[in-house]
Amino acid sequence: MTQATPNDATQPTVVQASNVSKVVSTSEGELRILAGIDLEINAGESLALVGASGSGKTTLLGILAGLDEPTSGVVRLGPYELTALDEEQRAKARGELVGFVFQTFQLLESLTALENVMLPSELRGSRDAREQAVELLARVGLEHRHGHYPRQLSGGEQQRVAVARAFAAQPKVLFADEPTGNLDTATGSKIVDLIFSLNQEFATTLVLVTHDERLAARCDRSVTIAFGEISQ
Amino acid sequence: MNWRLSRMLAWRDWRSGELGLLMLALVVAVASVTAISLFVDRLQQAMLNESADFLAADRYVGSSRELPPSFRDLAQARNVQAVDTLLFPSMVFAGEELNQLVSVKAVSPGYPLRGRLRVATQPFGVGVVTQALPELGEVWLDSRLFPALGVALGDTIEVGLAKLTISNVITSEPDRGGGMFDWGPRLLMRMADVPATEVVQPGSRLTYRLLLRGDDDDLEALKEDFDLQPGQSWVGIKESSPSIGSALARAERFLLLGGLLAVLLAGLAVVLAAARYARRHYDHVAVLKTLGTGPNAILASYVGVLLLVAAVAIAVGLIVGFGLHWLILLALQELMPIELPPPGVRPLVLGSITGLICTMAFALPAFIHLRNVSPMNVIRRDLGATPPSRYLSYSMAAAGVIALLLWYTQDVLLTLWALGGTSLTLVIFGALGLLLLRGTRVLGTQAGSLWRFALASLQRRHRENLVQMLVIGLAIMLILILVLLRTALLSEWQQQIPEGAPNHFVMNLQPEQVPELQAQLDAAQLPFDEAFAMVRGRVVEVNGLSAKEHRAAQGEQDRPGANIGSERNLTWTATLPQGNSLVSGQWWAEASAASEVSLEEEYAREAGVSLGDELRFDIGGRQLTARVTSLRRLDWESMRPNFFIIFSPGALESFPVTYMTSFHLPVDQKRFLNGLLTSFPTVTVIEVDALIARIQSIISRVTQAVELVLYLVLVAGCLVLVASIQASRDARMHEHALLRALGGTRALVAGTLAIEFAALGMLAGTIGAIGAEVTVALLQTQAFDLPARAHPWVWLLGPLLGAVLIAGVGMISTRSLISTPPMLVLRGLS
Chain U
1 MTQATPNDAT QPTVVQASNV SKVVSTSEGE LRILAGIDLE INAGESLALV GASGSGKTTL
61 LGILAGLDEP TSGVVRLGPY ELTALDEEQR AKARGELVGF VFQTFQLLES LTALENVMLP
121 SELRGSRDAR EQAVELLARV GLEHRHGHYP RQLSGGEQQR VAVARAFAAQ PKVLFADEPT
181 GNLDTATGSK IVDLIFSLNQ EFATTLVLVT HDERLAARCD RSVTIAFGEI SQ
Chain F
233 MNWRLSRMLA WRDWRSGELG LLMLALVVAV ASVTAISLFV DRLQQAMLNE SADFLAADRY
293 VGSSRELPPS FRDLAQARNV QAVDTLLFPS MVFAGEELNQ LVSVKAVSPG YPLRGRLRVA
353 TQPFGVGVVT QALPELGEVW LDSRLFPALG VALGDTIEVG LAKLTISNVI TSEPDRGGGM
413 FDWGPRLLMR MADVPATEVV QPGSRLTYRL LLRGDDDDLE ALKEDFDLQP GQSWVGIKES
473 SPSIGSALAR AERFLLLGGL LAVLLAGLAV VLAAARYARR HYDHVAVLKT LGTGPNAILA
533 SYVGVLLLVA AVAIAVGLIV GFGLHWLILL ALQELMPIEL PPPGVRPLVL GSITGLICTM
593 AFALPAFIHL RNVSPMNVIR RDLGATPPSR YLSYSMAAAG VIALLLWYTQ DVLLTLWALG
653 GTSLTLVIFG ALGLLLLRGT RVLGTQAGSL WRFALASLQR RHRENLVQML VIGLAIMLIL
713 ILVLLRTALL SEWQQQIPEG APNHFVMNLQ PEQVPELQAQ LDAAQLPFDE AFAMVRGRVV
773 EVNGLSAKEH RAAQGEQDRP GANIGSERNL TWTATLPQGN SLVSGQWWAE ASAASEVSLE
833 EEYAREAGVS LGDELRFDIG GRQLTARVTS LRRLDWESMR PNFFIIFSPG ALESFPVTYM
893 TSFHLPVDQK RFLNGLLTSF PTVTVIEVDA LIARIQSIIS RVTQAVELVL YLVLVAGCLV
953 LVASIQASRD ARMHEHALLR ALGGTRALVA GTLAIEFAAL GMLAGTIGAI GAEVTVALLQ
1013 TQAFDLPARA HPWVWLLGPL LGAVLIAGVG MISTRSLIST PPMLVLRGLS
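Protein chains in written order, with the working numbering: chain U, 1 to 232; chain F, 233 to 1062.
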């Protein structure tokens, strides 16, 4: 079994996976995607999950963020033991603790840039959702694009809206799945700068999945996944 | 429920056009149901009123004896209007020489309770509606009595011992031609004048009627109150005129079937539109879930969205439906100069509840799926919803369909037929559809690039296409069924009373008068029927028991209407008459010398007589015994002379006999009757031309209603087409953008689409044609009592209709797909 522990043991652990496995049934029998993963991530830490395509890193990210359930093992996120919660309770935990940035941006097509950023605060019933969103959009350099719909924005701009939305929830942990995967190098590095600077500013824990070695190198720690296991 | 989130989602989806199709489908569902039921409701009421005109009342109680005065009090207590009439034949005299047998109708003030009296200012003049009745001491006469009696308006005639003044020419009254003795020219007088005539004596042929008008419930309750005795009959439109009764019953069934199909089609459109909306929101929901929205909150929010949409759609649908029904009425104003009763609230309630049921049963399941969308969808696409909830949605849709059908048709049998037929069709045609799709793949590999792309595209989405094919096939099937049934019913109705059908019956002809009369009809070039011998007689014994004892022995089976002892017209014939079919027993041999008798099956059943029974008849005081050797079924709608009791030839030979025949007299040759009556003063002529004209007018109105319902169903069907094409639009858009990005020209994309849609339509049309043919054959034989027939043109029309409709609608609704730059599409869907 492989082990992955944080470099700085003085910070409290915010994400913890113990002996996590994921098995799915396919037409050709059972497929083991993750096998006995143990992982701890401390508050304020930035961690890159790297590995080849199909290694299981995205599945692990989903499980750590409470988007998916493991077949066995225990996952903790902040005060919650995710694996003991149902979907309703996991959603509550996500709303409270987690922010996301996706490779495919995942903005809501029917909402404007501003409305997309307002969404997390609105869902929490926050009264100053608009002011906060205006501020965040300005922070990512899109103050002049409030009323634009996602299809009217470039890829880089869409991802900046997505980053603003991720921080609108003031998450404890930000999960990012290939945040630069759909962007050119220059735009990608601007987005990365943005994520890291906001991460610093909001004192967020960052967990990201990437192929990009330079991006992985900017993180405090890298964990490589191969064939469903942590290899270093 | 999170109304704030629902409102926000609904408003934003509406603004971006996401809810448009769902809203439209619901509006069409509610609007077409509202319009059809408003129209049908008003038309049905109008048709019932019109039919009630036949009786001059909603119901009546008839008897050959005076009805007890307590009936009027009971009617008053139930808030039902009641008016007395009395019918009897009588000789009237004008001066010393001229006399004529007339049919007298004596009426009380208030007559008629339904329909109108028409009078003319001179004999054979055009009739105009009047509210008046003859004054006391006055009579109104039929046009042809004026020349026959040699009288004019203002003259006096004698009816029995009373002298009455002729004050008007009566051209029509609503309940003309209603009874056995109600033939001959009409004389209308006041009931209060009857005693003075002294013609009403014991043994007179009298028909007393108490006409009634009121609410259906009150009338039914009144029937119970009356506690009718044998000899008193309760008559509504269905009893009084079987032709109109069955035409109305069929029309009702047909309109209901039409309404039912519109609901089903609209329901299909709602299913498709809701499924598309839900599918387009999988990512949306996944994102909301990653942002911390739980499954219950998702469900509550989207149900909220749906309820908001339903509320708006129902409101809009009701308004549109109401407007639509007014438009229909306006368009038909010329054709339908009948006063429609004001619309009731029921159609609006029907529309609203239909909208709500459509929403809950057809749209809600797709929305419930959203609850189960995995948040992992944001990272890994195509996860969709978990399968178990699909069972829920199928059962909800099925429950909704059953609830709607049952509620809408109030007919369990029709509902079961529709459901059974649809389910069986779906299973069989699912298999057939797969085979057809496989076939196109084989064809496609050998075709040119345009065809290859198109057929490959059909094959690639074979699951979606199969569903789409079944849905469109079902829509085409429903439309074809409606067209087929309409054609079948209309031609059958029209055949019922063919051009030149006999409209006058001549009775009481002496044997030697028959050839003379036929010569006169020949000379006037009027077509006539064969002459039937007729003897009046009654059954006095059944198997040795007197008729009274037999009735008592029959116990409960004996009903007031089946009085075996009453006097009947008897005839004899060697061969089974036209329009008669043998149900059991054997028709006699031509040379048979035995006394045999054949009975109409319904008459035999009600009288409690079976094959082999021995009946003793009293004919003018002489008695005759005959054995029942066959039972017949009659075509009551044939307008030909029909007999309950037919003897074998020879059995009645020694009895005094008269003949009856029938002929067709065009309306402009009515004066011919005067010459006829002068030549044969003893004969009786029954005029049924007015009755036939009434039946035809009702049938033509029913036909118009049926056509309208067809158009509305067609609109609903087209919406299903649009919805089903829209359902696959996103996937197509992406593929064709790719095709164009890879160098495909617009012409290639357009051609591919056209071929794909046309092929899909053709396959769907083939399925529809097969389904329609089978269902119509079943419906015709099982529900409408018509013979089944094959319709070869349907096999051509189905696929053609499918190809043209789907290619047309498909190309229109995907034209943006061809004109949108591929970059926009690829980025928009990336």
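Using N, Cα and C, we set each Cβ at its ideal position, and we do this for glycine too. Treat the numbers as computed from the prediction; the structure is a model and nothing was measured.
Residue nearest to S53(U) in terms of C-alpha spacing, selected from E88(U), G181(U), L153(U) and E143(U):
Its Cα nearest to that of S53(U), the residue G181(U) stands out among E88(U), G181(U), L153(U) and E143(U).
Can you check DSSP and say which residues form a bridge with S1048(F)?
S1048(F) is not bridged to any residue.
Just the chain F side, please: which residues come within less than 8 Å of L67(U) by C-beta, in chain order?
Neighbourhood of L67(U) in chain F, by CB distance below 8 Å: K521, T522, S606, P607, M608, V610 and I611, in chain order.
Tell me the DSSP secondary structure of K190(U) in three-state form.
Residue state for K190(U) is assigned as helix, using DSSP reduced to three classes.
Under 9 Å between beta-carbons, which chain U residues line up against M255(F)? List them in chain order, please.
Below the 9 Å Cβ cutoff, chain U contributes no neighbours of M255(F), its closest Cβ being approximately 15 Å away.
Host beta strand (DSSP E) of G463(F) (start-end)
Following the DSSP letters along the chain, one finds G463(F) in no beta strand (DSSP E), marked with neither H nor E.
Three or more C-beta pairs under 8 Å: does that hold for the stretch 911-920 of chain F against the stretch 846-866 of chain F?
As far as the Cβ criterion goes, the stretch 911-920 of chain F does not touch the stretch 846-866 of chain F, which means the pair count is below three.
Let me know the secondary structure DSSP gives F303(F) once reduced to three states.
Three-state result, F303(F): helix.
Residues bridged to H736(F) [DSSP beta-bridge criterion]:
Partner residues in the beta bridge of H736(F), as assigned by DSSP, are F895(F) and E919(F).
Can you confirm whether H968(F), when its beta carbon is compared against all beta carbons of chain U, has any partner nearer than 8 Å?
For H968(F), not one C-beta of chain U is nearer than 8 Å to its own C-beta.
Rounded separation between T586(F) and A598(F) - CA only
Cα-Cα distance, rounded: 18 Å.
For H601(F), which residues in chain U fall below 8 Å Cβ to Cβ?
In chain order: nothing, as chain U lies at least about 14 Å away.
Within chain U, partners of D515(F) - CB distance below 9 Å:
Listed along the chain, the chain U residues whose CB falls inside 9 Å of the CB of D515(F) are T104, Q106, L108 and E109.
Thinking C-alpha only, which one of G583(F), G665(F) and T362(F) is nearest T266(F)?
Cα-wise, what sits closest to T266(F) is G583(F).
Use the C-beta contact count for K172(U): other C-beta atoms within 10 angstroms, 16 or more gives buried, fewer gives exposed.
It counts as buried.
Under the three-state DSSP convention, the category P607(F) falls into:
Three-state result, P607(F): helix.
What in chain F is Cβ-close to G62(U), meaning under 7 Å?
Residues of chain F passing the Cβ test: M608 and I611.
Which value, in whole angstroms, describes the spacing of the CA atoms of A979(F) and A963(F)?
Looking at the two C-alpha atoms, the distance is approximately 19 Å.
Residue closest to V774(F), alpha-carbon to alpha-carbon, out of N735(F), L710(F) and L843(F)
For V774(F), the nearest C-alpha among the options comes from L843(F).
Starting from the C-beta of D245(F), find all residues in its chain whose C-beta is less than 6 Å away, skip the five residues before and the five after it, and write them out in chain order.
L251.
Chain-ordered neighbours of K92(U) on chain F, where CB pairs are closer than 7 Å
Listed by position along chain F, the residues whose Cβ is nearer than 7 Å to that of K92(U) are G524 and G526.
Give a yes or no on whether the C-beta atoms belonging to L808(F) and V767(F) are separated by under 8 Å.
Not a contact, by the Cβ cut-off of 8 Å.
Does DSSP classify R181(F) as helix, strand or coil?
The structure shown does not extend to residue 181(F), since chain F spans only 233 to 1062, so no value can be given for it.
In the structure shown, what three-state DSSP assignment does A314(F) receive?
A314(F): strand per DSSP, three-state reduction.
Could you check how far apart the C-beta atoms of L497(F) and A948(F) are, in whole angstroms? I think they sit under 8 Å.
4 Å between Cβ atoms; contact.
Complete runs of the beta strand (DSSP E) confined to the stretch 793-857 of chain F [at least 3 residues]:
Listed in chain order, they are 800-804, 812-817, 828-832 and 846-851.
Counting contacts by CB-CB distance shorter than 8 Å, is A113(U) in contact with chain F?
Judged by the 8 Å Cβ criterion, A113(U) is not in contact with chain F.
When the Cα atoms are used, what is the spatial distance from V703(F) to S956(F)?
Just so you know, the alpha carbons of V703(F) and S956(F) end up roughly 8 Å apart.
Got a sec? Which residues, its chain only, sit under 7 Å from L306(F) by beta carbon, not counting five neighbours each side?
For L306(F), the CB contacts under 7 Å within the same chain, skipping 5 residues up- and downstream, are L454, D457 and F458 in chain order.
Just to check my reading of the structure: L137(U) and V117(U) have Cβ atoms closer than 8 Å, yes? What is that Cβ distance to the nearest angstrom?
Yes, they are in contact, since the Cβ atoms of L137(U) and V117(U) sit about 6 Å apart, within 8 Å.
Distance cutoff 8 Å, beta carbons only. Does E157(U) sit that close to anything in chain F?
Cβ-Cβ to chain F under 8 Å: no for E157(U).
Taking DSSP's pairing of strands, which residues face S21(U) in a bridge?
S72(U).
Do F594(F) and A629(F) have their C-beta atoms within less than 8 Å of each other?
The answer is yes: Cβ separation under 8 Å.
Should the stretch 65-79 of chain U be regarded as contacting the stretch 18-29 of chain U, the criterion being three or more beta carbon pairs within less than 8 Å?
Between the stretch 65-79 of chain U and the stretch 18-29 of chain U there are three or more inter-stretch CB-CB distances shorter than 8 Å, so the stretches are counted as touching.
Interface flag, D245(F) vs chain U, CB-CB below 8 Å
Yes, D245(F) lies at the interface with chain U (some Cβ there is under 8 Å from its Cβ).
For the ligand FMN, any of its heavy atoms closer than 7 Å to the Cβ of Y514(F)?
Among the components of this structure there are no ligands whatsoever, and the ligand FMN is therefore not found.
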